[in-house]
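Take a look at the structure set out below.
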Amino acid sequence: MKKYLAIMMALALVLALAACGGSSAPASSAPAASSDAASPAASPAADKLKVTLVTGGTSGTYYAVGGAMQSVLNSKLGLSEFTVESTGASKANVNLITDGEAEMAIVQSDVISYAHTGTNTFEETGVEDSALWVAGLYNETVQIIATKDITDISQLKGKTVCMGDVGSGTRVNAEQVLAAYGMTADDVNAVSGSFQDGVDGIKDGKIDAAFTVAGAPTTAITDLATTNEFNMLSLTDEALAYIQENFPFLVQDNLPAGTYNGIDQETRCVAVQAALVASKDVSEDVVYELLKTMFDNKEELVKAHAKFEFLDAEYAVSGASVPLHPGAEKFYKEMGVL
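193 is the number of the first residue of the sequence shown in the numbering used here; add one for each residue after it.
Structure, rendered in C-alpha coordinates:
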(Lines of atoms letter the chains of each structure in order from A and count residues from 1; the text may use other names and numbers.)
(Lines give C-alpha, C1' and ligand atoms only; values in the text may rest on other atoms or scores of the structure.)
Protein backbone atom coordinates (compact mmCIF):
# COMPACT_ATOMS: atom_id res chain seq x y z
CA MET A 1 0.00 0.00 0.00
CA LYS A 2 2.78 2.33 0.92
CA LYS A 3 4.45 1.47 -2.37
CA TYR A 4 1.20 2.24 -4.21
CA LEU A 5 0.84 5.61 -2.44
CA ALA A 6 4.42 6.49 -3.32
CA ILE A 7 3.77 5.72 -6.97
CA MET A 8 0.58 7.79 -6.96
CA MET A 9 2.36 10.76 -5.33
CA ALA A 10 5.12 10.55 -7.91
CA LEU A 11 2.57 10.59 -10.74
CA ALA A 12 0.82 13.58 -9.17
CA LEU A 13 4.13 15.44 -8.96
CA VAL A 14 4.84 14.75 -12.66
CA LEU A 15 1.39 15.99 -13.64
CA ALA A 16 1.82 19.14 -11.53
CA LEU A 17 5.16 19.89 -13.14
CA ALA A 18 3.65 19.35 -16.60
CA ALA A 19 0.85 21.74 -15.74
CA CYS A 20 3.35 24.36 -14.62
CA GLY A 21 5.28 23.90 -17.85
CA GLY A 22 2.10 24.43 -19.88
CA SER A 23 1.19 27.62 -18.04
CA SER A 24 4.60 29.12 -18.75
CA ALA A 25 4.08 29.05 -22.56
CA PRO A 26 2.07 32.31 -22.80
CA ALA A 27 4.75 34.17 -20.85
CA SER A 28 7.48 32.98 -23.19
CA SER A 29 5.44 34.04 -26.24
CA ALA A 30 4.88 37.60 -24.95
CA PRO A 31 7.99 39.05 -26.61
CA ALA A 32 6.84 37.61 -29.93
CA ALA A 33 3.41 39.16 -29.42
CA SER A 34 5.08 42.44 -28.54
CA SER A 35 7.15 42.23 -31.73
CA ASP A 36 4.01 41.60 -33.79
CA ALA A 37 2.28 44.55 -32.17
CA ALA A 38 5.19 46.79 -33.09
CA SER A 39 5.05 45.92 -36.77
CA PRO A 40 1.97 48.06 -37.62
CA ALA A 41 3.82 51.12 -36.31
CA ALA A 42 6.66 50.39 -38.70
CA SER A 43 4.42 49.62 -41.66
CA PRO A 44 3.49 53.21 -42.69
CA ALA A 45 7.09 53.92 -43.71
CA ALA A 46 7.26 50.65 -45.58
CA ASP A 47 3.94 51.41 -47.28
CA LYS A 48 4.84 54.95 -48.38
CA LEU A 49 4.43 55.55 -52.10
CA LYS A 50 7.86 56.04 -53.60
CA VAL A 51 7.32 59.18 -55.68
CA THR A 52 9.79 59.94 -58.44
CA LEU A 53 9.67 63.71 -59.00
CA VAL A 54 11.25 64.60 -62.34
CA THR A 55 12.53 68.15 -62.70
CA GLY A 56 15.18 69.58 -65.06
CA GLY A 57 18.92 70.01 -65.41
CA THR A 58 21.01 69.93 -62.25
CA SER A 59 21.97 73.59 -62.64
CA GLY A 60 18.38 74.72 -63.19
CA THR A 61 15.63 76.02 -60.93
CA TYR A 62 13.34 73.00 -61.37
CA TYR A 63 15.93 70.63 -59.92
CA ALA A 64 16.66 72.95 -56.98
CA VAL A 65 12.96 73.41 -56.21
CA GLY A 66 12.45 69.64 -56.30
CA GLY A 67 15.41 69.17 -53.98
CA ALA A 68 13.89 71.63 -51.52
CA MET A 69 10.63 69.68 -51.54
CA GLN A 70 12.50 66.45 -50.88
CA SER A 71 14.59 67.82 -48.02
CA VAL A 72 11.72 69.59 -46.24
CA LEU A 73 8.75 67.31 -46.85
CA ASN A 74 9.99 63.71 -46.77
CA SER A 75 10.16 63.53 -42.97
CA LYS A 76 6.69 65.05 -42.63
CA LEU A 77 4.72 62.98 -45.16
CA GLY A 78 2.93 59.85 -44.03
CA LEU A 79 1.81 58.54 -47.41
CA SER A 80 4.65 59.31 -49.80
CA GLU A 81 8.39 59.83 -50.07
CA PHE A 82 10.20 61.81 -52.76
CA THR A 83 13.13 60.96 -54.95
CA VAL A 84 14.17 63.83 -57.21
CA GLU A 85 15.61 63.13 -60.65
CA SER A 86 17.29 65.43 -63.16
CA THR A 87 15.80 65.34 -66.67
CA GLY A 88 15.53 67.26 -69.92
CA ALA A 89 12.71 69.37 -68.37
CA SER A 90 9.09 69.92 -69.37
CA LYS A 91 8.43 67.82 -72.48
CA ALA A 92 10.63 64.96 -71.28
CA ASN A 93 8.87 65.07 -67.91
CA VAL A 94 5.44 64.70 -69.49
CA ASN A 95 6.73 61.72 -71.49
CA LEU A 96 8.06 60.08 -68.31
CA ILE A 97 4.71 60.36 -66.56
CA THR A 98 2.93 59.03 -69.66
CA ASP A 99 5.29 56.05 -69.74
CA GLY A 100 4.78 55.33 -66.03
CA GLU A 101 8.40 56.09 -65.18
CA ALA A 102 7.59 59.02 -62.87
CA GLU A 103 4.73 59.90 -60.54
CA MET A 104 5.16 63.68 -60.40
CA ALA A 105 6.93 66.41 -62.35
CA ILE A 106 7.61 70.12 -62.61
CA VAL A 107 6.68 71.44 -66.06
CA GLN A 108 5.78 74.67 -67.83
CA SER A 109 2.03 75.31 -67.79
CA ASP A 110 1.92 75.81 -71.55
CA VAL A 111 3.78 72.58 -72.26
CA ILE A 112 1.33 70.51 -70.21
CA SER A 113 -1.50 72.20 -72.12
CA TYR A 114 0.09 71.20 -75.44
CA ALA A 115 0.36 67.62 -74.14
CA HIS A 116 -3.35 67.45 -73.35
CA THR A 117 -4.33 68.90 -76.73
CA GLY A 118 -1.68 67.21 -78.87
CA THR A 119 -0.51 70.54 -80.28
CA ASN A 120 2.76 72.42 -80.77
CA THR A 121 5.58 70.33 -79.29
CA PHE A 122 3.20 67.33 -79.00
CA GLU A 123 1.79 67.55 -82.52
CA GLU A 124 3.81 64.56 -83.73
CA THR A 125 3.34 62.33 -80.68
CA GLY A 126 -0.32 63.18 -80.08
CA VAL A 127 -2.33 63.68 -76.91
CA GLU A 128 -0.65 62.80 -73.61
CA ASP A 129 -3.11 63.49 -70.79
CA SER A 130 -1.83 61.33 -67.93
CA ALA A 131 -0.44 64.29 -65.95
CA LEU A 132 -2.92 66.41 -63.97
CA TRP A 133 -2.49 69.82 -62.30
CA VAL A 134 -1.41 69.98 -58.67
CA ALA A 135 -0.09 73.54 -58.20
CA GLY A 136 1.31 76.52 -60.03
CA LEU A 137 4.55 77.27 -58.17
CA TYR A 138 5.98 80.49 -59.64
CA ASN A 139 6.07 82.57 -62.82
CA GLU A 140 8.43 82.22 -65.77
CA THR A 141 8.06 85.55 -67.52
CA VAL A 142 8.03 86.10 -71.28
CA GLN A 143 10.45 89.04 -71.51
CA ILE A 144 11.29 91.03 -74.63
CA ILE A 145 14.38 93.21 -74.76
CA ALA A 146 15.10 95.55 -77.66
CA THR A 147 17.50 98.24 -78.76
CA LYS A 148 16.73 101.80 -77.64
CA ASP A 149 15.12 102.80 -80.96
CA ILE A 150 12.36 100.16 -80.55
CA THR A 151 9.69 101.13 -78.03
CA ASP A 152 6.72 98.94 -79.01
CA ILE A 153 6.26 95.29 -80.00
CA SER A 154 4.50 96.35 -83.20
CA GLN A 155 7.82 97.86 -84.33
CA LEU A 156 9.42 94.40 -84.49
CA LYS A 157 8.04 93.89 -88.00
CA GLY A 158 11.00 93.55 -90.38
CA LYS A 159 13.50 93.57 -87.49
CA THR A 160 16.01 90.86 -86.60
CA VAL A 161 14.59 89.05 -83.58
CA CYS A 162 16.03 86.15 -81.60
CA MET A 163 12.98 83.99 -80.85
CA GLY A 164 14.61 80.99 -79.21
CA ASP A 165 15.46 77.65 -80.74
CA VAL A 166 12.97 76.08 -83.16
CA GLY A 167 10.70 73.74 -81.19
CA SER A 168 11.52 75.37 -77.86
CA GLY A 169 8.95 76.77 -75.44
CA THR A 170 10.47 80.22 -75.93
CA ARG A 171 9.88 80.04 -79.68
CA VAL A 172 6.23 79.08 -79.17
CA ASN A 173 5.68 81.88 -76.64
CA ALA A 174 7.34 84.40 -78.95
CA GLU A 175 5.00 83.40 -81.78
CA GLN A 176 2.01 83.76 -79.45
CA VAL A 177 3.02 87.31 -78.53
CA LEU A 178 3.55 88.23 -82.18
CA ALA A 179 0.09 86.82 -83.00
CA ALA A 180 -1.41 89.33 -80.57
CA TYR A 181 -0.04 92.04 -82.89
CA GLY A 182 -1.21 90.36 -86.09
CA MET A 183 2.24 89.05 -86.95
CA THR A 184 3.92 85.69 -87.46
CA ALA A 185 7.58 84.67 -87.45
CA ASP A 186 7.58 85.39 -91.19
CA ASP A 187 6.96 89.09 -90.48
CA VAL A 188 10.27 89.42 -88.66
CA ASN A 189 13.77 88.26 -89.47
CA ALA A 190 13.56 85.39 -86.99
CA VAL A 191 16.89 84.16 -85.64
CA SER A 192 17.16 80.88 -83.75
CA GLY A 193 19.36 80.62 -80.70
CA SER A 194 19.50 80.75 -76.94
CA PHE A 195 18.63 83.89 -75.05
CA GLN A 196 22.31 84.41 -74.33
CA ASP A 197 22.81 84.41 -78.10
CA GLY A 198 20.16 87.11 -78.33
CA VAL A 199 21.79 89.21 -75.62
CA ASP A 200 25.19 88.86 -77.28
CA GLY A 201 23.62 89.86 -80.60
CA ILE A 202 22.21 93.04 -79.08
CA LYS A 203 25.60 93.83 -77.56
CA ASP A 204 27.24 93.35 -80.97
CA GLY A 205 24.57 95.30 -82.84
CA LYS A 206 23.56 92.24 -84.90
CA ILE A 207 20.12 91.72 -83.34
CA ASP A 208 17.33 94.21 -82.71
CA ALA A 209 15.32 92.30 -80.09
CA ALA A 210 15.25 89.01 -78.20
CA PHE A 211 12.70 86.91 -76.31
CA THR A 212 13.36 84.93 -73.16
CA VAL A 213 11.14 82.92 -70.84
CA ALA A 214 12.63 82.94 -67.37
CA GLY A 215 12.10 84.11 -63.83
CA ALA A 216 12.83 87.80 -63.37
CA PRO A 217 15.26 89.31 -62.77
CA THR A 218 17.13 87.24 -65.33
CA THR A 219 20.91 87.18 -64.99
CA ALA A 220 21.61 87.71 -68.70
CA ILE A 221 19.48 90.88 -68.77
CA THR A 222 20.97 92.13 -65.51
CA ASP A 223 24.43 91.70 -67.03
CA LEU A 224 23.36 93.44 -70.25
CA ALA A 225 22.23 96.44 -68.22
CA THR A 226 25.78 96.98 -67.01
CA THR A 227 27.08 97.55 -70.56
CA ASN A 228 24.18 98.56 -72.83
CA GLU A 229 21.09 100.71 -72.86
CA PHE A 230 17.98 98.85 -74.01
CA ASN A 231 14.19 98.81 -73.71
CA MET A 232 11.89 96.27 -72.13
CA LEU A 233 8.81 96.04 -74.34
CA SER A 234 5.36 96.11 -72.72
CA LEU A 235 2.14 94.53 -73.96
CA THR A 236 -0.83 96.76 -74.80
CA ASP A 237 -4.30 96.24 -73.30
CA GLU A 238 -5.50 94.84 -76.62
CA ALA A 239 -2.58 92.41 -76.84
CA LEU A 240 -3.15 91.21 -73.28
CA ALA A 241 -6.84 90.62 -73.98
CA TYR A 242 -6.00 88.63 -77.13
CA ILE A 243 -3.45 86.49 -75.32
CA GLN A 244 -5.70 85.76 -72.37
CA GLU A 245 -8.55 84.74 -74.68
CA ASN A 246 -6.49 82.56 -76.99
CA PHE A 247 -3.73 81.28 -74.68
CA PRO A 248 -5.31 81.05 -71.21
CA PHE A 249 -2.24 79.31 -69.76
CA LEU A 250 -0.38 82.63 -70.12
CA VAL A 251 -1.01 84.84 -67.08
CA GLN A 252 -0.32 88.56 -66.76
CA ASP A 253 2.92 89.32 -64.97
CA ASN A 254 4.03 92.93 -64.55
CA LEU A 255 7.69 93.57 -63.80
CA PRO A 256 8.15 96.51 -61.41
CA ALA A 257 10.19 99.54 -62.36
CA GLY A 258 13.80 98.99 -61.38
CA THR A 259 13.76 95.24 -62.01
CA TYR A 260 16.68 96.04 -64.30
CA ASN A 261 19.06 98.97 -64.14
CA GLY A 262 17.90 101.75 -66.46
CA ILE A 263 14.31 100.46 -66.78
CA ASP A 264 12.40 103.02 -64.76
CA GLN A 265 8.84 102.05 -65.64
CA GLU A 266 6.68 98.97 -65.09
CA THR A 267 6.82 96.40 -67.89
CA ARG A 268 3.59 94.58 -68.73
CA CYS A 269 4.32 90.97 -69.62
CA VAL A 270 2.76 87.54 -69.60
CA ALA A 271 4.16 84.43 -68.02
CA VAL A 272 3.83 80.71 -67.98
CA GLN A 273 3.81 79.01 -64.63
CA ALA A 274 6.22 76.43 -63.37
CA ALA A 275 3.63 73.80 -62.48
CA LEU A 276 3.68 70.77 -60.23
CA VAL A 277 1.75 67.91 -61.87
CA ALA A 278 0.96 64.34 -60.88
CA SER A 279 0.02 61.19 -62.72
CA LYS A 280 -3.68 60.39 -62.67
CA ASP A 281 -2.61 57.04 -61.17
CA VAL A 282 -1.39 58.74 -57.97
CA SER A 283 -4.14 58.52 -55.35
CA GLU A 284 -6.26 61.45 -54.21
CA ASP A 285 -5.04 61.00 -50.62
CA VAL A 286 -1.35 61.22 -51.58
CA VAL A 287 -1.77 64.47 -53.53
CA TYR A 288 -4.05 66.00 -50.89
CA GLU A 289 -1.57 65.22 -48.10
CA LEU A 290 1.31 66.59 -50.16
CA LEU A 291 -0.41 69.94 -50.74
CA LYS A 292 -1.49 70.26 -47.12
CA THR A 293 2.04 69.51 -45.96
CA MET A 294 3.52 72.01 -48.42
CA PHE A 295 1.24 74.83 -47.29
CA ASP A 296 1.64 73.95 -43.60
CA ASN A 297 5.43 74.13 -44.01
CA LYS A 298 5.74 77.08 -46.38
CA GLU A 299 8.19 78.90 -44.11
CA GLU A 300 10.62 75.99 -44.17
CA LEU A 301 10.23 75.61 -47.94
CA VAL A 302 11.03 79.31 -48.45
CA LYS A 303 14.21 78.87 -46.41
CA ALA A 304 15.14 75.94 -48.64
CA HIS A 305 14.36 77.82 -51.90
CA ALA A 306 13.19 81.41 -52.40
CA LYS A 307 10.72 80.45 -55.17
CA PHE A 308 8.38 79.02 -52.53
CA GLU A 309 7.67 82.60 -51.47
CA PHE A 310 5.07 82.50 -54.26
CA LEU A 311 3.27 79.45 -52.79
CA ASP A 312 -0.34 80.61 -52.50
CA ALA A 313 -3.61 78.72 -52.92
CA GLU A 314 -5.27 81.25 -55.22
CA TYR A 315 -2.15 81.59 -57.35
CA ALA A 316 -1.69 77.81 -57.45
CA VAL A 317 -4.90 77.35 -59.45
CA SER A 318 -4.89 80.66 -61.37
CA GLY A 319 -2.93 79.31 -64.31
CA ALA A 320 -4.25 75.74 -64.35
CA SER A 321 -4.10 74.82 -68.03
CA VAL A 322 -5.27 71.20 -67.60
CA PRO A 323 -7.73 69.49 -65.22
CA LEU A 324 -6.93 69.41 -61.52
CA HIS A 325 -5.88 66.17 -59.90
CA PRO A 326 -8.73 64.99 -57.60
CA GLY A 327 -6.49 65.40 -54.56
CA ALA A 328 -5.70 68.98 -55.57
CA GLU A 329 -9.36 69.74 -56.21
CA LYS A 330 -10.25 68.50 -52.72
CA PHE A 331 -7.52 70.61 -51.12
CA TYR A 332 -8.33 73.86 -52.95
CA LYS A 333 -12.05 73.49 -52.23
CA GLU A 334 -11.19 73.26 -48.54
CA MET A 335 -9.01 76.37 -48.95
CA GLY A 336 -11.99 78.22 -50.46
CA VAL A 337 -10.39 79.09 -53.80
CA LEU A 338 -12.60 76.82 -55.93
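Ideal Cβ positions, reconstructed from N, Cα and C, are used throughout, including at glycine.
The alpha-carbon of alanine 406 is positioned some 8 Å away from that of glutamine 335. Sequence-distant Cβ neighbours of lysine 395 in its own chain, meaning closer than 8 Å and more than five residues away, are Leu416, Thr419, Asn420. A distance of 9 Å or more separates the beta carbons of alanine 431 and leucine 348. Cβ contact annotation for threonine 279 (same chain, cutoff 6 Å, sequence separation greater than five): Val246, Asn285, in chain order. Sixteen is the threshold: since fewer than 16 other Cβ atoms of the shown chains lie within 10 Å of the Cβ of lysine 472, the residue is exposed. When DSSP states are grouped into helix, strand and coil, isoleucine 298 belongs to the strand group. If you look at phenylalanine 274, you'll find it isn't in any alpha helix (DSSP H); it sits in the beta strand (DSSP E) that goes 272 to 277. Exclusion of the five residues before and after lysine 522 leaves Tyr480 as the residues of its chain whose Cβ lies within less than 6 Å of its Cβ. Here aspartate 415 carries a helix assignment [DSSP, helix/strand/coil]. The alpha carbon of phenylalanine 500 has as its nearest neighbour, out of Ser386, Gly259, Val243, Asp357, the alpha carbon of Gly259. For glycine 393, the enclosing alpha helix (DSSP H) has its first and last residue at 387 to 396. For the options Thr414, Asp429, Thr451, the alpha carbon positioned closest to that of aspartate 344 is the one of Asp429. Beta-bridge pairing by DSSP links alanine 402 to Ile337, Cys354. Alanine 323 and threonine 290 have their C-alpha atoms roughly 7 Å apart. Residue state for glutamine 368 is assigned as helix, using DSSP reduced to three classes. Taking 3 residues as the shortest admissible run, the region 425 to 472 contains the following complete beta strand (DSSP E) segments, listed from N- to C-terminal end: 443 to 447, 459 to 471.
With a cutoff of 9 Å on beta-carbon distance, glutamate 277 and lysine 240 are scored as not near each other.
Contact annotation: glutamate 320 and asparagine 287 have beta-carbon atoms nearer than 9 Å.
Shown here, glutamate 332 sits in a strand according to DSSP, grouped into three states. Contact check between the region 473 to 493 and the region 456 to 465: fewer than three CB pairs, one atom from each, fall below 8 Å, which does not count as touching. Excluding its 5 nearest sequence neighbours in each direction, valine 474 has C-beta neighbours in its own chain below 6 Å: Glu295, listed in chain order. Between tyrosine 306 and valine 478, the alpha-carbon positions lie close to 26 Å from each other. Cβ contact annotation for serine 346 (same chain, cutoff 7 Å, sequence separation greater than five): Tyr373, in chain order. Judged by DSSP secondary structure, lysine 242 falls outside any alpha helix (DSSP H) and instead within the beta strand (DSSP E) spanning 241 to 246.
Approximately 14 Å separates the beta-carbon atoms of arginine 363 and methionine 375; this is outside 8 Å, ruling out the contact. Contact check for aspartate 445 and asparagine 331: beta-carbon distance about 5 Å, within the 8 Å limit, so the pair qualifies. Note on geometry: alpha-carbon atoms of valine 243 and serine 510 lie some 25 Å from one another.
With a threshold of 16 other beta carbon atoms within 10 Å, aspartate 378 falls short and is exposed. In terms of Cα proximity to aspartate 389, the closest of Lys495, Tyr524, Thr352 is Thr352. In the three-state reduction of the DSSP assignment, alanine 281 falls in the coil class, being assigned neither a helical nor a strand state.
Secondary structure note for alanine 382: its beta strand (DSSP E) is the uninterrupted segment 381 to 383.
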